[in-house]
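Start counting at 1 in the sequence shown, then tack on 3, and there's your number in my numbering.
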Amino acid sequence: MALYLIGDVQGCDEALGRLLDEIAFSPSRDTLVLLGDMVNRGPQSLAVLRRMIALEGSAHGLLGNHDLHLLAVAHGVRRPHRSDTLDDILAAPDRAALLDWLRARPLALQMQGWLMVHAGVLPQWDAAQTLALAAELERELRGPDWVVFLHHMYGNRPDRWSGDLRGADRLRVIVNALTRLRFCSAEGVMEFETKDSAASAPEGFMPWFEVPQRRSEGTRIAFGHWSTLGNVPRRDLLALDTGCVWGGCLTAARLGHDGDPERISVRCVQARTPGA
4 MALYLIGDVQ
14 GCDEALGRLL
24 DEIAFSPSRD
34 TLVLLGDMVN
44 RGPQSLAVLR
54 RMIALEGSAH
64 GLLGNHDLHL
74 LAVAHGVRRP
84 HRSDTLDDIL
94 AAPDRAALLD
104 WLRARPLALQ
114 MQGWLMVHAG
124 VLPQWDAAQT
134 LALAAELERE
144 LRGPDWVVFL
154 HHMYGNRPDR
164 WSGDLRGADR
174 LRVIVNALTR
184 LRFCSAEGVM
194 EFETKDSAAS
204 APEGFMPWFE
214 VPQRRSEGTR
224 IAFGHWSTLG
234 NVPRRDLLAL
244 DTGCVWGGCL
254 TAARLGHDGD
264 PERISVRCVQ
274 ARTPGA
């Protein structure tokens with residue numbers, strides 16, 4: 004029995020299928036977690052969702068910013084972006100069931116001692132608080148007023164966490180940290196404009212995992228979202244967005260109870276031109 008984590012698929016179902024073949028994934032024996040951004044920008048988002056639904060019970064998918072974008076577009080909260088590749092889902096006869104399945108996905112998981120999120124963890128949060136705050140957001144998305152929440156989800160303010168936050172402001176900080184975070188200050192102020200490598204941090208900011216004395220220090224964390232980050236040579240971090248949809252690879256990490264995770268990658272043949 005093995006636990007496999009896979010970074011941002013973004014609609015590249017052909018690569019996902021080849022990677023599952025490469026690792027000899029067995030639904031009866033193994034467990035799979037996709038670390039968010041299951042859909043969008045690649046050509047087969049519908050196939051990815053249907054594959055994941057067929058594997059339900061042995062496969063889990065975290066919500067990423069592109070997955071939330073699909074929900075927002077589908078309900079008229081956001082306009083489609085010219086780079087979106089979501090039409091196959093939006094036109095599917097089982098569209099409603101697909102979207103209901105998607106909004107029921109978690110925003111954080113912990114398995115075999117690894118905390119899993121799509122983007123990042125604020126320095127004020129330890130693993131237990133991260134999971135608890137993710138659960139708050141999950142309840143909102145699964146509740147009767149979830150579309151109302153989507154209307155309040157977007158925005159960069161507040162840009163830092165406080166336990167005093169309530170309502171839409173509280174949920175917005177949670178969703179921004181879990182699905183959009185790359186850089187923040189030592190005080191946990193989030194910065195969303197910079198999308199380049201860790202070396203490109205704006206003055207006063209740093210990668211979220213380099214904040215001194217963050218409360219999640221010592222917790223092993225796996226995440227995606229940051230295709231320009233490259234390999235992070237630390238035993239407590241797994242950065243698994245290797246830019247499949249932009250001409251890179253799709254990467255899985257096999258987690259064992261002992262030793263370092265084993266990485267397995269396949270080249271994506273469905274790549275888009277960056278910015279397209």
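C-beta: ideal position from N, C-alpha, C; glycine also.
Residue i, DSSP secondary structure in three states
| i | result |
| --- | --- |
| Trp211 | helix |
| Cys247 | helix |
| Gly20 | helix |
| Ala107 | coil |
| Arg257 | strand |
Same chain, Cβ closer than 8 angstroms to residue i, five either side skipped, listed in chain order
| i | result |
| --- | --- |
| Ala2 | Outside the displayed range of the chain (4 to 279) lies residue 2, so it cannot be described from this structure. |
| Ser219 | Leu118, Val124, Pro126, Trp128, Asp129, Ala130, Thr133 |
| Thr197 | Arg185, Phe186, Ser203, Ala204, Pro205, Phe208 |
| Ala137 | Pro109, Leu110, Ala111, Val120, Ile177, Leu181 |
| Gly158 | Arg175 |
Contact set for residue i: own chain, Cβ-Cβ below 6 angstroms, skip 5 residues either direction
| i | result |
| --- | --- |
| His228 | His121, Ala122, Asp244 |
| Val248 | Gln13, Cys15, Arg44, Gly45, Arg275 |
| Trp164 | Leu125, Gln127, Val176, Gly191 |
| Asp40 | Asp11, Gln13, Gly67, His69 |
7 angstroms Cβ shell around residue i - same chain, five flanking residues per side excluded
| i | result |
| --- | --- |
| Glu25 | Ile267, Val269 |
| Leu101 | Leu52, Ile92, Ala95 |
| Thr231 | Lys198, Asp199, Ser200 |
| Ser48 | Gly14, Val42, Thr88, Leu89, Asp91, Ile92 |
| Pro264 | Leu241, Ala256, Arg257, Leu258 |
| Asp172 | Pro161 |
| Arg183 | Asn68, Ala122, Phe195 |
| Leu74 | Leu102, Leu105, Arg106, Leu153 |
Beta-ladder partner(s) of residue i, from DSSP
| i | result |
| --- | --- |
| Gln113 | Leu118 |
| Cys252 | Arg270 |
| Arg1 | No answer is possible for residue 1: it lies beyond the span of the chain, which begins at 4 and ends at 279. |
| Leu241 | Ala225 |
| Leu6 | Thr34, Leu258 |
Residue of the options minimising C-alpha distance to residue i
| i | options | result |
| --- | --- | --- |
| Asp97 | Leu52, Ala171, His84, Ala62 | Leu52 |
| Ala130 | Gly221, Leu74, Pro147, Asp199 | Gly221 |
| Gly191 | His154, Gly207, Arg21 | Gly207 |
| Val150 | Ala138, Ser165, His78 | His78 |
| Leu38 | Arg145, Leu74, Ile224 | Ile224 |
| Gly60 | Val76, Arg85, Asp33 | Asp33 |
| Arg106 | Gly64, Arg169, Ser31 | Gly64 |
| Val80 | Gly20, Leu144, His154 | His154 |
| Arg238 | Ala27, Gly116, Arg169 | Gly116 |
| Pro30 | Ala50, Glu17, Arg54 | Arg54 |
| Phe152 | His72, Gly233, Leu22, Thr254 | His72 |
| Arg145 | Trp211, Glu17, Arg217, Trp104 | Trp104 |
| Gly250 | Met4, Ala50, Cys271, Asn234 | Cys271 |
| Cys252 | Arg21, Arg142, Val235 | Arg21 |
is_contact[residue i, chain D] using C-beta, thresh 8 angstroms
| i | result |
| --- | --- |
| Ala107 | No chain D is present in this structure, which holds just one protein chain. |
Legend entry - Ordered list of beta strand (DSSP E) runs contained in the region 127-207, each at least 3 residues: none
Inset, instruction - Any chance you could list the beta strand (DSSP E) runs of at least 3 consecutive residues sitting entirely within the region 21-101, in chain order? - result: 34-37, 62-64
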